[in-house]
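Below is one structure, written out as structure tokens, with a few remarks after it.
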Amino acid sequence: MTTTRRKFLKGGVTVGGLAAASQLAYPFIRTAAAGKSSNSVVFASGEPLTGNWDPASHTVLGQINFEGYVFGRLTNTPMRPENPSEIQYDLATGHKIISENVLEWSLRRNVTFHNGAPFTSADVKATFEYSSQPGKSAWYPGPVDVEIVDDHTVRLNTSAHGYPATAYILLASFLPIMSAADIENNAISQVPNGTGPFKFMEQRGDESIMNAFDDYYLGRPILDEVRFAYMGDANTRVLALLGGEADIIERLEPEQHDTLLTKNGVRVLRTVATENKYLHFRCSKAPFDDVRMRKAVCHAIDRDMVTELLGAAGHASSSYVSPVKLGGADIPNYPTYDPDECQRLMAEAGYPGGNGLPELEYITSTGFYPKTKEYGELITVLLQEQGLNIKLSVLETAAWLERLYVPESGDPAGHLIDCGWSTGSPEPDLVLRPMWHSSMSLITGFKDTEIDAALDSEQAEGDPNKRLKMVTNDLMPKLADKVPSLSLFTSVLIHGVQENLNGAYFYPNGPIDLSKASYS
Numbered sequence: 000m001t002t003t004r005r006k007f008l009k010g011g012v013t014v015g016g017l018a019a020a021s022q023l024a025y026p027f028i029r030t031a032a033a034g035k036s037s038n039s040v041v042f043a044s045g046e047p048l049t050g051n052w053d054p055a056s057h058t059v060l061g062q063i064n065f066e067g068y069v070f071g072r073l074t075n076t077p078m079r080p081e082n083p084s085e086i087q088y089d090l091a092t093g094h095k096i097i098s099e100n101v102l103e104w105s106l107r108r109n110v111t112f113h114n115g116a117p118f119t120s121a122d123v124k125a126t127f128e129y130s131s132q133p134g135k136s137a138w139y140p141g142p143v144d145v146e147i148v149d150d151h152t153v154r155l156n157t158s159a160h161g162y163p164a165t166a167y168i169l170l171a172s173f174l175p176i177m178s179a180a181d182i183e184n185n186a187i188s189q190v191p192n193g194t195g196p197f198k199f200m201e202q203r204g205d206e207s208i209m210n211a212f213d214d215y216y217l218g219r220p221i222l223d224e225v226r227f228a229y230m231g232d233a234n235t236r237v238l239a240l241l242g243g244e245a246d247i248i249e250r251l252e253p254e255q256h257d258t259l260l261t262k263n264g265v266r267v268l269r270t271v272a273t274e275n276k277y278l279h280f281r282c283s284k285a286p287f288d289d290v291r292m293r294k295a296v297c298h299a300i301d302r303d304m305v306t307e308l309l310g311a312a313g314h315a316s317s318s319y320v321s322p323v324k325l326g327g328a329d330i331p332n333y334p335t336y337d338p339d340e341c342q343r344l345m346a347e348a349g350y351p352g353g354n355g356l357p358e359l360e361y362i363t364s365t366g367f368y369p370k371t372k373e374y375g376e377l378i379t380v381l382l383q384e385q386g387l388n389i390k391l392s393v394l395e396t397a398a399w400l401e402r403l404y405v406p407e408s409g410d411p412a413g414h415l416i417d418c419g420w421s422t423g424s425p426e427p428d429l430v431l432r433p434m435w436h437s438s439m440s441l442i443t444g445f446k447d448t449e450i451d452a453a454l455d456s457e458q459a460e461g462d463p464n465k466r467l468k469m470v471t472n473d474l475m476p477k478l479a480d481k482v483p484s485l486s487l488f489t490s491v492l493i494h495g496v497q498e499n500l501n502g503a504y505f506y507p508n509g510p511i512d513l514s515k516a517s518y519s
């Protein structure tokens, strides 16, 4: 066992388990349970809400999780590994392909929004056309025109925009349906108004209060209330669960997972996520504008050590998307740990042994993703062993979010940054295009005509089976060769739940369906 392996896997790193938590002088845990009824659930989130209720205006996971309670979608896609493209209908009752550029959806009748307005084709038209505007959202392939056939039938048409309508089959599970009137009146950012099982009532500090929607089309939820409460520290979330102040908590550390398994009255759930965790290169900045330096860093990192350090919170993966998604198979030419190749590439790039390199900042977060500080320290040591002058900056979640994205003008913060990317559809384009197409490159600033061409070609293929082969056999190997980012592992979502809460469904991208949940 190497010195580095001994240090990080045999107790050389401080971890945030319950033993440490019990020694800290926490103030009384945020009073999430104040006024809580016996038929209410408090969900302790590790990420704050943005305060902007427009679902098309952000990529923030905590906000997406909240929206899962309030909004309906045309489909729900559970993304079971054995059949990731399985479709379950929500606000739609069926779909059919009319032509390469026309996709028809049949819509559910007798559905109402929380403000009492009926759900019709006009709402689907307004939502899709609004959310697909260029520059509006990172999720969707491009503009789409929607024809209203009747009050409960719509046709999505992409013929004027150069890509097949089938691209929206899987994306329909990730687009919250908004009210056409709210969009027209610019009201969508003010109060969330959906067709989901819970209705937003008010904001109390870090808590978003939702009540059961009496007219939910699948029947009123058994629970009366859900409180979405931000608790940024994982130890605080665990203590809230054990003390009864929270009913569900997310993003547990591996040690907390192991400890809670021994506790009476609570359950621990593990779900392989749609989320991969990435070490993103700032490809627009030296030295990582040189592919040789990006490859050198990749060959310096022992990803087996990272997943071993993560324990219950990590799943080994050598792909740019989760194995729960389509196209998530391991890539044959994915970079592996090879210090000799790291040294060869650095010398070829003009930095033999790391000589001549400036200080390189590696930015990571703490409080939301499990063990980011610990494996950040591990990666920093591995890179320093190869001669790279790495400075690790560990930021609270809010400060990290402020530095995450490439600004419209000027250099992005740091040289490397850790981030996960999780989407509620098996569609791989939801990851690949926002991250690495030149028109977006939200985090990397990566611009490459060959990758753009591969992304555009697979998107233009109307046959889903042929398209998947293009992603697997062409696009993924090209990304692995150019490495604008290194996908470190696939996340495993760990939730703690009160033992007497039953019927909750945990989606692999983070949201929780409580529409059928109840206490025993």
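Residues 0 to 519 (numbering that gives the first Met the number 0) are what the sequence shown spells out, left to right. The C-beta atom is built at its ideal place from N, Cα and C for all residues, glycine as well.
Burial is judged here by how many other beta carbons sit within 10 angstroms of a residue's own beta carbon; Ala285 has fewer than 16 and is exposed.
Counting the other CB atoms within 10 Å of its CB gives Tyr504 a total below 16, which places it among the exposed residues. Listed in chain order, the non-local C-beta contacts of Lys372 below 7 Å within the same chain comprise Thr363, Thr365, Val393, local neighbours out to five positions each way being set aside.
Looking at the DSSP output, Trp420 sits in a beta bridge with Asn275. Judged by DSSP in its simplified three-state form, Trp104 adopts strand. In this structure Leu260 is exposed. Its beta-carbon is surrounded by fewer than 16 other beta-carbon atoms within 10 angstroms.
In this structure Arg219 is exposed. Its beta-carbon is surrounded by fewer than 16 other beta-carbon atoms within 10 angstroms. The residues Val267, Ala311, Ile493, in chain order, have a CB closer than 6 Å to that of His256 in the same chain once the five nearest residues on each side in sequence are set aside. Separation of the CB atoms of Ser120 and Thr152 is rounded to 6 Å, and the pair is thereby assigned contact status at 8 Å. As the crow flies, the alpha-carbon of Gly355 is around 42 Å from that of Leu325. The beta carbons of Leu169 and Ala299 sit no closer together than 7 Å. When the five nearest sequence neighbours on each side are left out, the beta carbons in the same chain lying within less than 6 Å of the beta carbon of Ile511 are those of Ala503, Phe505, in order along the chain.
If you draw a straight line from the Cα of Arg226 to the Cα of Gln202, it is about 10 Å long. Counting the other Cβ atoms within 10 Å of the Cβ of Val148 gives fewer than 16, which makes it exposed.
In this structure, Thr165 is the residue among Arg281, Thr165, Glu206 with its C-alpha nearest to the C-alpha of Gly461. Beta-bridge partners of His314 (DSSP): Thr489.
With fewer than 16 neighbouring CB atoms inside 10 Å of its own CB, Gly243 falls in the exposed class.
Apart from the 5 residues on each side of it in sequence, Asp451 sits with its Cβ closer than 7 Å to the Cβ of His436, Ser437 in its chain, given in chain order. Excluding the 5 residues flanking it on each side, Val320 has same chain C-beta neighbours closer than 6 Å at Gly326, Gly327, Pro427, Val430, in chain order.
Contact check for Leu278 against Leu485 passes: the beta carbons are separated by less than 7 Å.
In the three-state reduction of the DSSP assignment, Glu384 falls in the helix class, which pools H, G and I.
The shortest C-alpha to C-alpha distance from Asn234 to any of Arg466, Ala43, Lys477, Ser517 is the one to Ala43. Across the set Ala459, Ala348, Tyr374, Val470, the C-alpha of Tyr374 shows the shortest separation from the C-alpha of Glu307. DSSP, reduced to helix, strand and coil, places Asp149 within a strand of the structure shown. In the pairwise beta carbon analysis, the stretch 391-407 is classified as not touching the stretch 132-146: fewer than three pairs are separated by under 8 Å.
Across the set Ala228, Asn100, Leu106, the C-alpha of Leu106 shows the shortest separation from the C-alpha of Tyr88. The stretch 50-68 makes contact with the stretch 193-209, as at least three CB pairs between them are under 8 Å. Scanning its chain for C-beta atoms nearer than 7 Å, with the 5 sequence neighbours on each side dropped, one finds around Phe118 the residues Leu90, Val110, Thr111, Phe112, Thr194, in chain order. Taking each of Val305, Asn472, Phe367 in turn and checking the Cα distance to Ile330, the smallest one comes out for Asn472. Ranked by Cα distance from Ile97, the first of Gly134, Leu155, Arg108 is Leu155. With fewer than 16 neighbouring CB atoms inside 10 Å of its own CB, Lys390 falls in the exposed class.
Residues Gly141, Ala459 of the same chain have their beta carbon placed closer than 8 Å to that of Gly161, with the five preceding and five following residues left out of the count. Between the alpha carbons of Leu513 and Phe70 lies a distance of about 13 Å.
Taking Gly352 as the centre and dropping the five residues before and after it, the same chain places the C-beta of Gly386 closer than 6 Å to its C-beta, in chain order. For Met345, no beta strand (DSSP E) run applies; the uninterrupted alpha helix (DSSP H) run containing it begins and ends at 338-347, by DSSP. For Leu431, the uninterrupted alpha helix (DSSP H) segment begins and ends at 428-435.
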